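Notes for the one structure printed next.
Protein chains: 4
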Amino acid sequence: MEGLGRKRWVIAEGYLPEDDRRLPRPLASHEAACILNASDREARVRIRIYFADREPAGPYERIIPPRRTLHLRFDDLQDPPIPRGTDYSSVIESDVPVVVQHTRLDARRSELALLSTVAFPVD
Amino acid sequence: MEGLGRKRWVIAEGYLPEDDRRLPRPLASHEAACILNASDREARVRIRIYFADREPAGPYERIIPPRRTLHLRFDDLQDPPIPRGTDYSSVIESDVPVVVQHTRLDARRSELALLSTVAFPVD
Amino acid sequence: MEGLGRKRWVIAEGYLPEDDRRLPRPLASHEAACILNASDREARVRIRIYFADREPAGPYERIIPPRRTLHLRFDDLQDPPIPRGTDYSSVIESDVPVVVQHTRLDARRSELALLSTVAFPVD
Amino acid sequence: MEGLGRKRWVIAEGYLPEDDRRLPRPLASHEAACILNASDREARVRIRIYFADREPAGPYERIIPPRRTLHLRFDDLQDPPIPRGTDYSSVIESDVPVVVQHTRLDARRSELALLSTVAFPVD
Chain R
297 MEGLGRKRWV IAEGYLPEDD RRLPRPLASH EAACILNASD REARVRIRIY
347 FADREPAGPY ERIIPPRRTL HLRFDDLQDP PIPRGTDYSS VIESDVPVVV
397 QHTRLDARRS ELALLSTVAF PVD
Chain H
297 MEGLGRKRWV IAEGYLPEDD RRLPRPLASH EAACILNASD REARVRIRIY
347 FADREPAGPY ERIIPPRRTL HLRFDDLQDP PIPRGTDYSS VIESDVPVVV
397 QHTRLDARRS ELALLSTVAF PVD
Chain B
297 MEGLGRKRWV IAEGYLPEDD RRLPRPLASH EAACILNASD REARVRIRIY
347 FADREPAGPY ERIIPPRRTL HLRFDDLQDP PIPRGTDYSS VIESDVPVVV
397 QHTRLDARRS ELALLSTVAF PVD
Chain S
297 MEGLGRKRWV IAEGYLPEDD RRLPRPLASH EAACILNASD REARVRIRIY
347 FADREPAGPY ERIIPPRRTL HLRFDDLQDP PIPRGTDYSS VIESDVPVVV
397 QHTRLDARRS ELALLSTVAF PVD
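Protein chains in written order, with the working numbering: chain R, 297 to 419; chain H, 297 to 419; chain B, 297 to 419; chain S, 297 to 419.
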């Protein structure tokens, strides 16, 4: 299996809601890039973050083993972390074809809200 | 009618929220792949599930009659079932062209939350 | 302007939640196909509804004037209406190129939930 | 970098919920077009708004610097503003390739609801 999908994807929406962070991790506000590597090769993934008012951050790197999915939480990126309450976009590049879907869980209020969309392929 | 759509689709996001399961079935947390077979032929559909930390499961098989839709709930898959609280992705293959849309209803809190997106075609 | 978009679209997800119908119309549970006709010609739109267990209904017809949008609510279709609490899919055809986006507002609980995705073009 | 994406996009869904406007700005009901300009050139963006029952408004213009994202709120457009409680669609054109994602936050009830989808590219 050579892999399914594309090698470069854009998520134009990005926003980590400010949050008191006392909720259990799956229920705390977060955004994720869900990335499927259906190939039989390891995928090396590089994420670059764009902002409204400063130069891009990254690239951040992740490895996805063959035939595995990675649900990457943007609030897990470090050095530097993405600030909360700040508009951003992301560009995700992989050396093997992958499929990327974007999700946000918003828990600023007592109930939660969700959004999701497939990212836009640009290679 | 030869069918509308494509023969292979990817849903990169997958997550069945943990749930006490006492809610009526339409309101309990679930994910679905809504699949339209607009053709005049029966569609044989095979679903394969990818995880973060183990080999893929499936294929699970379903038949969709001509000119019918199937709203397949992922929590209905058996042998083996998909564990709750676990990240996954899915690849859906059909022998006639179909269209696939992904939906999650989340009822972990007292109110419900929804997400939906068209899956990504890869044939 | 010859029009923007495509002439045939599929929305694989469809579900009108059962509802006590006492809410103001914008807040009552509904699904909509938002259709933009950016052309300088009238668009004749035909909608066909597919079910899990019976033959398709329709076509339902609507006219969209030049340079106008139509946010068509599926609960407004008549002869026959789409039953609530029932899985369906829809195929939308237009004689000029249009763009179609799908939305559901769900008010079964006291709070509302939303989903939206661009439909899948198949011409 | 010549830019990522496409030069013309459609968002068929548009609706600014009526709102008492006393909420903090990030939590008040709004729709946004999130636009990434990953190129090394300034992007000149023009937005045109289509309605159900009158001629289109705009174009509204915005500049996005190189390597920057703009999360444009539709309730910030002026001369004329988009009326609340009114169906609309939008067409977004840029002189360099960009990627556009659409988001709505709905705060008509006490809890919030979210939707998002990548816009439809038409160039």
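Ideal placement from N, C-alpha and C gives every residue a C-beta, glycine not left out. Note that this is a predicted model, so its numbers are computed, not measured.
If the five residues before and after Val387(S) are omitted, its C-beta is found closer than 6 Å to the C-beta atoms of Val306, Arg344, all from its own chain and listed in chain order. Residue pairing from DSSP places Phe416(H) in a beta bridge opposite Val306(H). Comparing C-alpha distances from Leu332(S) to each of Thr382(S), Arg363(S), Thr413(S), Ala415(S) shows the shortest one belongs to Arg363(S). Membership of Arg321(B) in any beta strand (DSSP E) is not indicated, and neither H nor E is assigned to it by DSSP.
Using a Cβ distance threshold of 8 Å, Pro361(S) and Lys303(S) do not count as a contacting pair. Contact annotation: in the stretch 371–393 of chain S, residues whose CB is within less than 9 Å of a CB in chain B are Gly381, Asp383, Tyr384, Ser385, Ser386, Val387.
By the 16-neighbour rule on beta-carbons within 10 angstroms, Pro417(R) is buried. Around Ile331(H), the beta-carbon contacts reaching into chain B at under 9 Å are Ala308, Ser385.
When Cβ pairs closer than 8 Å are counted between the two stretches, the stretch 318–334 of chain H is seen to touch the stretch 398–410 of chain H, the count reaching three or more. Taking 9 Å as the Cβ-Cβ cut-off, the stretch 402–415 of chain S approaches chain R at Asp402, Ala403, Ser406, Glu407, Leu408, Ala409, Leu410, Leu411, Ser412, Thr413, Val414, Ala415, given in chain order. The stretch 331–407 of chain S contains, as complete beta strand (DSSP E) runs of 3+ residues, the segments 339–347, 353–360, 364–369, 384–402 (chain order). Within the DSSP secondary-structure output, Leu300(S) pairs in no beta bridge. Inclusion of Ala409(H) and Leu410(R) in the CB contact set at 8 Å is warranted, their separation being smaller than that value.
By the CB criterion at 8 Å, Tyr311(H) and Thr365(R) fall outside the cutoff. At a cut-off of 8 Å between C-beta atoms, Pro322(H) does not count as an interface residue with respect to chain R. One alpha carbon belongs to Glu298(S), the other to Tyr356(R), and they sit about 22 Å apart.
Here the C-alpha atom of Gln374(H) lies approximately 10 Å from the C-alpha atom of Ala353(H). Taking C-beta separations shorter than 8 Å and ignoring five residues to either side along the sequence, the partners of Pro377(S) in its chain run Asp371, following chain order. Within the stretch 326–352 of chain H, Tyr346, Phe347, Ala348, Asp349, Glu351, Pro352 place their CB atoms closer than 8 Å to a CB of chain R, listed in sequence order. Contact between Thr413(B) and Thr413(H) holds: their C-beta atoms lie close to 5 Å from each other, under 8 Å. The residues His326, Glu327, Ala328, in chain order, have a CB closer than 8 Å to that of Arg369(H) in the same chain once the five nearest residues on each side in sequence are set aside. Spanning the alpha carbons of Arg342(R) and Ala339(B) requires a straight line of approximately 44 Å. Nearest to Pro313(R) by C-alpha distance, out of Asp315(S), Pro322(S), Ala308(S), is Pro322(S).
At a cut-off of 8 Å between beta-carbon atoms, Gly301(B) makes contact with chain S. Here the alpha carbons of His398(H) and Arg358(B) stand approximately 27 Å from one another. The straight-line gap separating the alpha-carbon atoms of Tyr346(H) and Asp336(B) is approximately 47 Å. Taking C-alpha positions only, Glu389(S) is separated from Gly301(S) by approximately 12 Å. DSSP places Glu327(R) in the strand class (E or B) of the three-state scheme. With its beta carbon less than 8 Å from one in chain R, Leu366(S) belongs to the interface.
In the three-state reduction of the DSSP assignment, Leu312(R) falls in the coil class, being assigned neither a helical nor a strand state. Here the alpha carbons of Ala415(B) and Asp419(S) stand approximately 18 Å from one another. Just measuring C-alpha positions, the residue of Arg318(H), Cys330(H), Glu351(H) sitting nearest Val395(H) is Cys330(H).
In chain order, Leu312, Glu314 place their CB closer than 6 Å to the CB of Arg380(H), counting only its own chain and leaving out the 5 sequence neighbours on each side. At a Cβ-Cβ threshold of 8 Å, Glu407(B) and Glu407(R) count as neighbours. In its chain, beyond the 5 residues on either side, Ala403 have a beta carbon closer than 7 Å to the beta carbon of Leu319(R).
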